[in-house]
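Data block below; observations after.
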Amino acid sequence: MPPEIIWIHLSEWGYALLTLHTLLSAALCFTDYYKSRSQRGEAPDATLSSDVVMATGCTISPTTTGGGTTQASVDQDSAQSLQIPWHYKLYWVLYNVAFGGGICITILFWALIGGDSSALSILIHAMNSVTIVIDVMVSGLPCRLLHFVYPLTFGVVYILFTVIYWAAGGTGPDGQPYIYPFLDYGGGPALAAIVAVLGVLVAIPLCHCIVFALVVARESLVRSLKRRQSDNQNVDVTAL
């Protein structure tokens, strides 16, 4: 299959974005690790935790109440001056597009096409979602519901590409005048329009909600484990 034909499928677009996200994630992890090693001698509050900045957009500073209890409070003044570095913004956008889009690709492929159980197909259309679920559960990156606009934009771009590709006389891998049979703008424009609209406006937001639900489940699990650990520590102190 010619390489120019391979890159017309949504699955290749999605897998490329997932690969780019993974590479950028690894690069940022290594960079932050070596930065933290060089800053170990500085004051504890000299550096900001990247997950706090990305999740809230502000710093968390300790304050003491009148009763002597220390608690975390949001420094709103410094929050206005803080800016997330551009590479973290890019990482977060790729996170939303690759994860929401990847799960959508898996569901749509096995629901609308299926039939291909080759190793390559399983890697692109099944293992991608396995990788996404594992990444969500072990990382601390937050997810916002309104960020569904990023994978939705990705879907709109791909649909526009398929229209332009068809109008320019492009063909599928086997010479058919469409990329997918359900996106045959010449032979079945009504079906193609319905699939395109439902895919972009319904399937993609729902798949982003799946990612959001996984993040909520992860945070609930973390809180439960921390609560259990705190209770065990309290029991140990009481026993002493």
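Per this note's numbering, the sequence shown runs over residues 25 to 264.
Virtual Cβ for every residue (Gly too), placed ideally from N, Cα, C.
The three-state secondary structure of residue 233, taken from DSSP, is helix. For residue 187, the uninterrupted alpha helix (DSSP H) run begins and ends at 173–191, by DSSP.
Rounded to the nearest angstrom, the Cβ distance from residue 132 to residue 227 is 6 Å, consistent with a contact under 8 Å.
Nearest in C-alpha terms to residue 112, of all of 130, 53, 39, 212, is 53. Setting aside the 5 residues that flank it on each side, residue 176 is surrounded in the same chain by 224, 228, 229, each with a C-beta closer than 7 Å to its C-beta; the list follows chain order. For residue 37, the uninterrupted alpha helix (DSSP H) run begins and ends at 34–62, by DSSP. In the pairwise beta carbon analysis, the region 35–47 is classified as not touching the region 191–209: fewer than three pairs are separated by under 8 Å.
Boundaries for residue 196: no alpha helix (DSSP H) harbours it, and the DSSP string shows neither H nor E there.
Here DSSP, grouped into helix, strand and coil, assigns residue 209 to coil. For the pair residue 62 and residue 155, the Cα-to-Cα distance works out to about 32 Å.
In this model, residue 138 and residue 241 are separated by some 29 Å (Cα to Cα). Residue 121 is positioned such that its CB atom lies closer than 7 Å to that of residue 41.
For residue 244, the secondary structure class from DSSP, reduced to helix, strand or coil, is helix. Separation of residue 213 and residue 108 (C-alpha to C-alpha, rounded to the nearest whole angstrom) is 44 Å. Under the 10 Å beta carbon count, residue 31 is surrounded by fewer than 16 other beta carbons and is classified as exposed. Residue 38 and residue 158 do not touch by the CB rule: their CB atoms are close to 17 Å apart, not below 8 Å. Between residue 174 and residue 117, the C-beta gap is smaller than 7 Å, which places the two residues in contact. A check of alpha carbon separations from residue 187 across 55, 178, 220, 162 identifies 220 as the nearest. DSSP assignment within the region 103–153 yields the following whole alpha helix (DSSP H) runs of 4 residues or more, N-terminal first: 110–132, 143–149. The C-beta of residue 218 has fewer than 16 other C-beta atoms within 10 Å across all chains shown, which makes the residue exposed. Taking every protein chain shown into account, the CB of residue 153 has 16 or more other CB atoms within 10 angstroms, so this residue is buried.
Beyond the five residues adjoining it in sequence on each side, residue 210 comes within less than 8 Å, by CB distance, of 190, 201, 202 in the same chain, given in chain order. When the beta-carbon positions are compared, residue 178 and residue 232 stay at least 7 Å from each other. Here residue 193 is exposed. Its C-beta has fewer than 16 other C-beta atoms within 10 Å. In this structure residue 160 is in contact with residue 235, their Cβ atoms being roughly 6 Å apart against a cut-off of 8 Å.
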